[in-house]
Amino acid sequence: MKWLIIFGFMFSVQFFLFGMQRAALLISRDAGYKWEHSGKLILPSWFSICWPCIIGKWVLLLAMSIIWSWKIALGLVISNYILAAVIPIPYDLYKRIFLKRINQLKLQDPVIGMQLTEMMKKAPLKFKK
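Under the working numbering, the first residue of the sequence shown carries the number 52, and numbering increases by one thereafter.
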């Protein structure tokens with residue numbers, strides 16, 4: 052049972068981070084920005100935790116398949132892909148994180164900060180006020 056709880060936690064964290072990256076990409080693309088890396092700028096500095104989470108999830112699945120049950124591990128891999136495709140990305144959860152990052156960037160470079168603020172305003176995603 053503890054295997055499933057750990058996997059559920061790791062899936063949740065990874066899905067949250069995947070959604071954040073996807074939202075940043077869609078915001079920059081749909082706002083009409085040709086600058087390829089503009090979406091990456093609005094990701095928070097702690098976003099890099101996604102890599103240990105991804106690696107940890109796969110190590111957990113490998114250990115689960117060896118120690119516990121390969122059938123359950125395979126089922127979790129399949130359900131992981133299905134859930135990631137079916138669960139809607141909660142874009143509204145990310146607005147505050149993106150705006151906080153933009154405010155940090157405004158202090159470093161006001162021009163880029165204003166451009167990113169405009170990008171957020173042009174984004175067609177429906178953020179709650």
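Positions of the beta carbon are idealized from the N, C-alpha and C atoms, including for glycine. Treat the numbers as computed from the prediction; the structure is a model and nothing was measured.
Inset, instruction - Alpha carbon to alpha carbon, how far is TRP109 from LYS180? Give it in angstroms, no decimals. - result: Low per-residue confidence applies at LYS180: pLDDT is 45, beneath 50, and the placement is therefore not dependable, though the value from the model is reported in the following sentence. The straight-line gap from Cα to Cα measures roughly 38 Å.
Legend entry - Bounding residues of the alpha helix (DSSP H) (the contiguous stretch that carries SER130): 121-137
Inset, instruction - Specify the secondary structure class of PRO161 as computed by DSSP and reduced to three states. - result: helix
Legend entry - the region 139-148 contacting the region 107-126, beta-carbon criterion three pairs below 8 Å: no
Legend entry - Nearest-angstrom Cα separation, counted from SER89 out to GLY164: 11 Å
Inset, instruction - Could you check if TYR132 is buried or exposed, using at least 16 other CB atoms within 10 Å of its CB as the buried criterion? - result: exposed
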